[in-house]
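In my numbering, the protein residues as written are 37 to 317.
Virtual Cβ for every residue (Gly too), placed ideally from N, Cα, C.
See structure below.
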């Protein structure tokens with residue numbers, strides 16, 4: 037009888053151990069399934085949030101572009117929130133604000149800081165556009181050149197300055213070249229590397245050239261030769277007249293804000309306005 041009891045007791049413990057193992061396996065399986073489920077849900081929520089953010093970003097960008105278009109048409113900014121025609125009440129999209137400012141200062145980056153292409157002249161207005169009114173005297177310093185490039189791989193500049201009376205202006209041709217090798221063939225004035233103050237509005241340049249005094253300046257055309265160049269201008273204490281308009285538009289959709297900035301310069305004068313010989317290379 038004792039033996040039979042021991043057998044039953046051992047069999048009972050065996051069943052309990054099996055039940056415990058099964059329970060452990062069930063718990064582990066539930067943990068695995070729960071982990072996988074949470075991972076799938078988390079990824080779905082992340083993808084949904086990313087999709088919503090991308091849609092809001094595109095809507096906000098479209099609103100900002102619409103603000104620029106309105107400013108180009110009207111010439112004025114927008115100071116109050118303007119909803120778009122396709123506004124979603126649950127996720128409103130607005131032109132938040134549009135500012136239009138004149139680019140007029142003592143320091144300028146021509147072409148809004150973008151490179152002026154080789155042989156493509158850029159006009160610097162020294163008097164008021166478009167009637168050449170209020171000409172001023174200038175002590176201009178011109179900056180250009182990529183510090184990471186050699187002198188031979190940087191541009192030369194041809195600067196044509198019109199000054200005096202707009203009916204019979206005085207024309208000066210001022211050619212400058214930092215390359216000794218090219219200077220021998222083009223006979224341009226050799227421009228040395230910068231030693232001090234070669235930064236204009238956060239842009240660092242390799243060369244600077246102070247021009248002769250300009251009396252009653254009307255307009256100057258600056259032409260990079262051999263390669264393109266970013267060009268900066270410093271007029272000392274003299275404020276250079278407006279060169280165009282800076283338009284900054286802000287769009288908002290949901291919690292996303294996007295900004296678009298556009299520079300609208302004045303039309304370039306036709307090359308025929310200047311004597312052809314000034315553009316000989």
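Collapsed DSSP secondary structure at residue i in the structure displayed
i	result
residue 289	strand
residue 229	strand
residue 275	coil
residue 59	helix
residue 121	Caution is warranted here: a pLDDT of 49 is assigned to residue 121, below 50, making its placement in the model unreliable, and no coordinate value can be reported.
residue 220	helix
residue 111	coil
residue 67	helix
residue 73	helix
residue 182	coil
residue 300	strand
residue 213	strand
residue 159	strand
Length of the line joining the Cα atoms of residue i and residue j
i	j	result
residue 224	residue 194	9 Å
residue 221	residue 139	38 Å
residue 171	residue 259	22 Å
residue 128	residue 238	37 Å
residue 177	residue 166	24 Å
residue 304	residue 76	59 Å
residue 274	residue 185	31 Å
residue 109	residue 300	12 Å
residue 214	residue 151	18 Å
residue 285	residue 94	14 Å
Neighbour-count burial assignment, residue i, 16 or more Cβ in a 10 Å radius
i	result
residue 79	exposed
residue 261	buried
residue 159	buried
residue 217	exposed
residue 306	exposed
residue 256	buried
residue 169	exposed
residue 250	buried
residue 233	exposed
residue 42	In this predicted model, residue 42 has a pLDDT of only 49, less than 50, meaning its place in the structure is not dependable enough to derive any value.
residue 112	exposed
residue 64	exposed
Short Cβ contact (8 Å threshold) for residue i with residue j
i	j	result
residue 189	residue 240	no
residue 198	residue 254	yes
residue 287	residue 96	yes
residue 161	residue 267	no
residue 212	residue 227	yes
residue 277	residue 164	yes
residue 244	residue 182	no
residue 142	residue 282	no
residue 153	residue 210	no
residue 104	residue 298	yes
Bounding residues of the beta strand (DSSP E) (the contiguous stretch that carries residue i)
i	result
residue 201	Here residue 201 belongs to no beta strand (DSSP E), and DSSP marks it neither H nor E.
residue 172	172–174
residue 254	250–261
residue 264	Looking at the DSSP string, residue 264 is not in any beta strand (DSSP E), and its letter there is neither H nor E.
residue 135	129–138
residue 246	243–246
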